[in-house]
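**Q** One structure follows; several queries about it will come next.
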Amino acid sequence: MVVDALRVDFPTQNRMPFSYNNSCSRLELRVNIPTVTMPRLKSLTTGTISNFIDIVLNIGHVEQLSDSLLHRLHRRNENMVFAGDRTWISLFPKQFKRFTANTDSFFVNDFYEGDKNVTAVLNKELWNDDWMLLVLHYLGLDHIGHVEGSESSKIPLKLKEMDEVVQKAYQKQLLHKQLLLLTGDHGMKDGGGHGGSTTGEMYVPLFVLKQNCSRKSFDKSNEYNQIDLAPTLAILWAMEIPPMSIGCLIPQLLDEFSLEDQLYAYYYNALHLLQKAYKNFGEEYVEASAFNDWFTTAKSAHKQFLSTKRNDDFDNNFIFEDAKVHYLLMSREISQQLSASLVQFDYGLITLGLLLTTLVMSNTLLVFCLSTECVFMQGTGTYLSLLAFAACINKWCHYQHYFVTTGFTATLALVLALMASIYLLINIIVIFLWRLQSCQGLKIALPNQICFLLGCLLFHTLSLASSSFIENENKTWHYLGASALFLLCVKSFFTDLRSYKLDTWVNNINFYKVALFKLLKIHTSWIVIGCLGFLVRLDEAAFYINQQKCKIWLSCMFTAGMNKKYVYVFKLKCYKVNTFISSVAVVCAVFIST
0 MVVDALRVDF PTQNRMPFSY NNSCSRLELR VNIPTVTMPR LKSLTTGTIS
50 NFIDIVLNIG HVEQLSDSLL HRLHRRNENM VFAGDRTWIS LFPKQFKRFT
100 ANTDSFFVND FYEGDKNVTA VLNKELWNDD WMLLVLHYLG LDHIGHVEGS
150 ESSKIPLKLK EMDEVVQKAY QKQLLHKQLL LLTGDHGMKD GGGHGGSTTG
200 EMYVPLFVLK QNCSRKSFDK SNEYNQIDLA PTLAILWAME IPPMSIGCLI
250 PQLLDEFSLE DQLYAYYYNA LHLLQKAYKN FGEEYVEASA FNDWFTTAKS
300 AHKQFLSTKR NDDFDNNFIF EDAKVHYLLM SREISQQLSA SLVQFDYGLI
350 TLGLLLTTLV MSNTLLVFCL STECVFMQGT GTYLSLLAFA ACINKWCHYQ
400 HYFVTTGFTA TLALVLALMA SIYLLINIIV IFLWRLQSCQ GLKIALPNQI
450 CFLLGCLLFH TLSLASSSFI ENENKTWHYL GASALFLLCV KSFFTDLRSY
500 KLDTWVNNIN FYKVALFKLL KIHTSWIVIG CLGFLVRLDE AAFYINQQKC
550 KIWLSCMFTA GMNKKYVYVF KLKCYKVNTF ISSVAVVCAV FIST
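Counting from 1, position 304 in the sequence shown corresponds to residue 303 in numbering that gives the first Met the number 0; the numbering is continuous, with no gaps.
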């Protein structure tokens with residue numbers, strides 16, 4: 000049971016008395032950034048860390064999710080049922096036997112209806128015994144936080160509602176052989192939102208409920224991570240740990256196992272992490288590390304425990320604890336190092352990529368709407384000078400450790416990207432100054448449509464500082480792209496009409512024929528685009544286009560196609576050069592980003 004934005008300090012004894020008093024274990028889980036739903040669900044089900052680039056390009060989608068817990072259960076022919084946030088369905092479209100997803104998870108004014116629908120599914124499924132896993136994801140608490148903040152008077156009422164749901168599931172006789180986990184995908188900051196790295200956003204509770212607990216554990220001294228749930232659940236379900244997992248085991252969930260089985264589980268997870276350490280850090284580093292010595296000590300104690308397991312005395316328990324502690328210590332150290340290696344970002348390349356894409360689109364808009372003459376820099380000497388200047392900047396950036404690249408291909412792509420950035424930036428300045436000089440006043444030089452589109456581009460670039468905007472960047476581009484294309488279409492239509500009107504002013508019949516022809520041409524283009532949009536939504540076409548290998552090249556084709564318009568509209572050599580440089584810039588930006 001996932002309660003969206005369930006902060007660690009929300010489920011208190013007063014707010015959620017039943018869950019608090021009847022839980023076998025109450026733990027705190029640390030959540031990695033970005034604290035938004037999609038990457039958090041990936042971490043819950045794969046045991047690895049998802050970052051911002053994973054949201055934008057969905058990199059690792061096939062590699063990670065094909066080995067998630069849900070995929071493994073599905074391959075084992077286990078039935079799973081889901082109700083709640085439709086993000087689960089977008090990640091696992093074929094894994095659930097039955098599912099009921101919210102109509103729109105981003106309709107934040109829905110505090111109650113969506114949660115009532117989830118509870119209705121729970122009431123129905125509690126009478127069914129054909130499922131192995133039931134996943135519930137409640138969104139009401141998150142919506143209240145977004146609209147009214149973390150101090151809203153509706154939050155205690157919502158927590159009480161969630162407590163009643165837990166009580167309803169717990170008191171069913173079906174649960175006497177099952178386990179109920181209550182947690183959050185991420186927390187909530189004081190303002191009610193999430194997506195950052197404040198304490199309220201990065202810590203969520205984990206309540207473990209089952210009937211007939213052998214003992215209760217409320218350990219708050221040890222900090223566990225959200226990625227620890229995946230390997231722990233894999234052990235509980237008698238499955239292999241997901242290959243991408245870098246999490247540790249949570250001891251409180253393994254108390255029902257025998258001592259021998261517990262040690263084997265700790266050994267199995269430690270060996271899994273050690274193999275990943277060899278792969279990521281190299282044999283020399285691992286052999287010289289402290290965690291390798293801890294693993295040796297743990298194996299020695301483990302072997303000694305197995306040889307004396309028939310002796311039920313203090314020494315045997317002491318040996319068990321010695322092996323357990325060293326396994327956990329070694330696993331935690333490797334997990335932390337692997338996590339740190341996965342969340343390192345090259346901010347220099349990120350900045351260059353953002354600058355490059357913004358310059359390409361800005362240059363495209365200015366050329367489309369303002370320039371009617373050839374104002375670009377030309378000449379072999381100019382291009383060689385720009386290339387030399389870009390190489391100098393690249394050398395200086397590496398010296399200052401702004402960029403870190405290895406290999407000739409990466410260095411060449413970086414130099415070309417820098418050259419394209421310099422060229423496009425100077426080109427934009429030249430176009431603007433030329434337009435300003437030929438027109439009287441800034442308002443005439445930059446019409447309202449251009450100001451609007453340039454403002455949209457700037458807003459889009461700045462919005463990438465917000466993880467929530469990154470998660471929904473595709474929706475931003477839907478509106479921004481449609482608005483830009485519509486305004487450019489209108490601009491082109493009226494510009495052509497004015498030019499035709501001057502040529503055919505003496506013959507009104509020809510003028511209206513031209514106008515009708517232009518309208519038919521535009522409408523035909525939109526019909527063709529609409530038909531293509533319908534075709535790519537067919538199951539087979541959509542499956543192919545959504546593959547990871549297609550996404551990057553689709554982005555390149557789109558931007559290169561936009562730039563290719565220069566050649567067909569202006570048919571000048573200088574515009575062909577601009578097209579080529581802009582296309583190279585896009586390819587280089589994609590290369591250095593991936």
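Glycine included, C-beta positions come from ideal geometry on N, C-alpha and C. Predicted model, so just to flag it, every value in this text is computed and none were measured.
One question on the structure: do residue 238 and residue 74 come within less than 7 angstroms of each other, judged by their Cβ atoms?
**A** no
**Q** Which value, in whole angstroms, describes the spacing of the CA atoms of residue 418 and residue 133?
**A** 54 angstroms
**Q** Considering only DSSP beta bridges, list what residue 136 is partnered with.
**A** In the DSSP output, where bridge partners are listed per residue, residue 136 has 1, 83.
**Q** Between the segment 145-152 and the segment 85-102, do at least 3 Cβ pairs fall closer than 8 angstroms?
**A** Fewer than three Cβ pairs drawn from the segment 145-152 and the segment 85-102 lie within less than 8 angstroms of each other, which leaves the two stretches out of contact.
**Q** With C-beta atoms as the reference, is residue 332 less than 7 angstroms away from residue 290?
**A** yes
**Q** Label residue 300 either buried or exposed according to how many other C-beta atoms from any shown protein chain fall within 10 Å of its C-beta, with 16 as the threshold for buried.
**A** Buried: at least 16 other Cβ atoms inside 10 Å.
**Q** Buried or exposed for residue 23, going by 16 or more other Cβ atoms inside 10 Å?
**A** When all chains shown are included, residue 23 counts as buried.
**Q** Skipping 5 residues on each side, what residues in its chain have a beta carbon closer than 7 angstroms to that of residue 189?
**A** 149, 199
**Q** Apply the 10 Å Cβ neighbour rule to residue 306 and answer buried if 16 or more other Cβ atoms are within range, or exposed otherwise.
**A** exposed
**Q** Can you name, in chain order, every residue of its own chain whose Cβ lies under 7 angstroms from the Cβ of residue 21, other than the five neighbours on each side?
**A** 169, 208
**Q** Return yes when the Cβ of residue 176 is within less than 7 angstroms of the Cβ of residue 125, no when it is not.
**A** no
**Q** In whole angstroms, give me the CA-to-CA distance for residue 212 and residue 43.
**A** 24 angstroms
**Q** Going by CA-CA distance only, name the one from 87, 462, 276 that's closest to residue 340.
**A** 276
**Q** Given residue 389, which residues of its chain have a CB within under 7 angstroms of its CB, disregarding the five upstream and five downstream residues?
**A** 414, 417, 418, 421
**Q** Scan the segment 295-354 and note each continuous alpha helix (DSSP H) run of 4 residues or more that stays entirely inside, going in chain order.
**A** 313-341
**Q** Taking buried to mean at least 16 other C-beta atoms within 10 Å of its own C-beta, is residue 241 buried or exposed?
**A** Residue 241 comes out buried.
**Q** Could you work out which residue in 382, 427, 4 is closest to residue 182 when comparing CA atoms only?
**A** Nearest option by C-alpha distance: 4.
**Q** Just checking my contact of residue 46 with residue 204 at CB under 8 angstroms: how many whole Å lie between their CB atoms?
**A** No, residue 46 and residue 204 are not in contact; Cβ-Cβ is about 19 angstroms, not under 8 angstroms.
**Q** Could you compute how far the alpha carbon of residue 327 sits from the alpha carbon of residue 247?
**A** 7 angstroms
**Q** Which one or two residues does DSSP pair with residue 182 in a beta bridge?
**A** 1, 205
**Q** How many Å lie between residue 35 and residue 111 at the Cα?
**A** 21 angstroms
**Q** Quick one: give me the first and last residue of the alpha helix (DSSP H) that residue 264 is part of.
**A** 258-280
**Q** Can you give the Cα-Cα distance for residue 410 and residue 68, rounded to whole angstroms?
**A** 39 angstroms
**Q** Which residue from 244, 234, 260, 164 puts its Cα closest to that of residue 66?
**A** 244
**Q** If we cut at 7 angstroms on Cβ distances, does residue 393 have a partner in chain D?
**A** The question asks about chain D, but that chain is absent: this structure has only one protein chain.
**Q** Applying the 10 Å Cβ sphere with the 16-neighbour rule, what's the burial state of residue 394?
**A** exposed
**Q** Per DSSP, what kind of secondary structure is residue 151 in: helix, strand or coil?
**A** coil
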